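Heads up: the sequence lines are chains S and E, in that order. Numbering-wise (the working numbering), the first sequence opens with residue 241 and increments by one. Numbering-wise (the working numbering), the second sequence opens with residue 241 and increments by one. Here the structure is laid out as structure tokens; the discussion comes afterwards.
There are 2 protein chains.
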Amino acid sequence: MSNMKNKEELSEEALEMIASRFRLLSDPMRLRILHTLGDGEMNVTDLVIATRAGQANISKHLGILFNAGIVSRRKEGLNSNYRVADETIFELCEVVCSRLKKQLETRQNALAGVF
Amino acid sequence: MSNMKNKEELSEEALEMIASRFRLLSDPMRLRILHTLGDGEMNVTDLVIATRAGQANISKHLGILFNAGIVSRRKEGLNSNYRVADETIFELCEVVCSRLKKQLETRQNALAGVF
DNA sequence: TATAAATATAACTATGCAGTAATATAGCAA
DNA sequence: TTGCTATATTACTGCATAGTTATATTTATA
Numbered sequence: 241m242s243n244m245k246n247k248e249e250l251s252e253e254a255l256e257m258i259a260s261r262f263r264l265l266s267d268p269m270r271l272r273i274l275h276t277l278g279d280g281e282m283n284v285t286d287l288v289i290a291t292r293a294g295q296a297n298i299s300k301h302l303g304i305l306f307n308a309g310i311v312s313r314r315k316e317g318l319n320s321n322y323r324v325a326d327e328t329i330f331e332l333c334e335v336v337c338s339r340l341k342k343q344l345e346t347r348q349n350a351l352a353g354v355f
Numbered sequence: 241m242s243n244m245k246n247k248e249e250l251s252e253e254a255l256e257m258i259a260s261r262f263r264l265l266s267d268p269m270r271l272r273i274l275h276t277l278g279d280g281e282m283n284v285t286d287l288v289i290a291t292r293a294g295q296a297n298i299s300k301h302l303g304i305l306f307n308a309g310i311v312s313r314r315k316e317g318l319n320s321n322y323r324v325a326d327e328t329i330f331e332l333c334e335v336v337c338s339r340l341k342k343q344l345e346t347r348q349n350a351l352a353g354v355f
């Protein structure tokens, strides 16, 4: 059967797809944009103001996120309004954040009472 | 209160920590290593064989994952045995993978019946 | 039509990092 | 000791990409 799942080995293509997804989230500016968009739809100018970044930079990041299907775009006159289209993003961030907290806590305890 | 959570703005430091975590997972070779280690503890040589990669490359990736606390190391004679220390990794991969599947399915449906 | 505003894109630079080859280090064996 | 094996590290190269500047594109307005 051609559809058999091979649990031992993942194809290079599958690995690349998954890695690319994580790569999208591996940039602080994109995370900042997504977090800002968490409040709801925003246009580019407002995002530029909110993030205190350059317009070209924000547009480029939004284009990347849009192409990946993570945000959606709604054009309205001169404006482009973006919103988060993939809510699993926040789930991923929360898992990472919780884990980081736990990890730091463990390290703190390791030092507790030492000197 | 100095511990007040500011829901509007994330610090650059927090963003960088979270982004770094995702960056660890944004490389196909590291994902392959982690997937291989999913079967249990392995030493470097076996990982080199299983992944068909260079020894220096595997050692470097393992060092990166070890420093991040994602894998643990147990030295035994000449060998270094690694295992996954942070199981949330697999949770993250599963969320990403499910989302990718759904996304591709949606695109397939968009083309269904067209020509 | 001419001008201005909002956004996108192109070209460029600089930085980070994956892969590799060579070497170092550490434990084991003869 | 001498040599062998497993792993780590260093130095290097090439590629991907974040940020920026300048420009193009699109739509609204005077």
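Think of the CB as a built atom: it goes at the ideal place given N, C-alpha and C, for glycine as much as any other residue. These figures come from a predicted structure and were not determined experimentally.
Give me, in chain order, the residues of the same chain whose beta-carbon lies closer than 7 Å to that of residue 309 of chain S; leave out the 5 immediate sequence neighbours on both sides.
Cβ neighbours of residue 309 of chain S beyond the five flanking positions: 325 and 326.
Local Cβ density within 10 Å of residue 262 of chain S, reported as buried at 16 or more and exposed below that
buried
Apart from the five residues just before and just after residue 305 of chain S, which ones in its own chain have a Cβ nearer than 6 Å to its Cβ?
311
What residues in the segment 263-285 of chain E have a beta carbon less than 7 Å from any beta carbon of chain S?
263, 265, 266, 267, 268, 271, 272 and 275
Is there a C-beta anywhere in chain S that falls below 8 Å from the one on residue 302 of chain E?
no
Does the Cβ-Cβ distance between residue 331 of chain E and residue 335 of chain S come in under 8 Å?
It is a contact, given that the beta carbons lie within the stated cut-off.
Can you pull the chain E neighbours of residue 348 of chain S, defined as C-beta to C-beta under 8 Å?
Those do not exist, as residue 348 of chain S stays about 14 Å from chain E at its closest Cβ, beyond 8 Å.
Do you know offhand how far residue 296 of chain S's Cα is from residue 307 of chain S's?
16 Å
Tell me, please, whether the segment 286-300 of chain S touches the segment 270-285 of chain E by the rule of three or more beta-carbon pairs shorter than 8 Å.
no
If you follow the beta strand (DSSP E) that residue 281 of chain E is in, where does it begin and where does it stop?
Residue 281 of chain E -> no beta strand (DSSP E), and no H or E assigned at all.
Using only the alpha-carbon positions, how far apart do residue 264 of chain E and residue 341 of chain E sit?
22 Å
Return the first residue and the last residue of the alpha helix (DSSP H) that residue 327 of chain S is part of.
That residue, residue 327 of chain S, is in no alpha helix (DSSP H); it is neither H nor E in DSSP.
Length of the line joining the Cα atoms of residue 298 of chain S and residue 338 of chain E:
28 Å
Name the residues in the segment 330-347 of chain E whose C-beta lies less than 7 Å from a C-beta of chain S; which are they?
331, 332, 333, 335, 336, 337, 339, 340 and 343
Determine the direct distance from the alpha carbon of residue 347 of chain S to that of residue 284 of chain S, and round the result to whole angstroms.
40 Å
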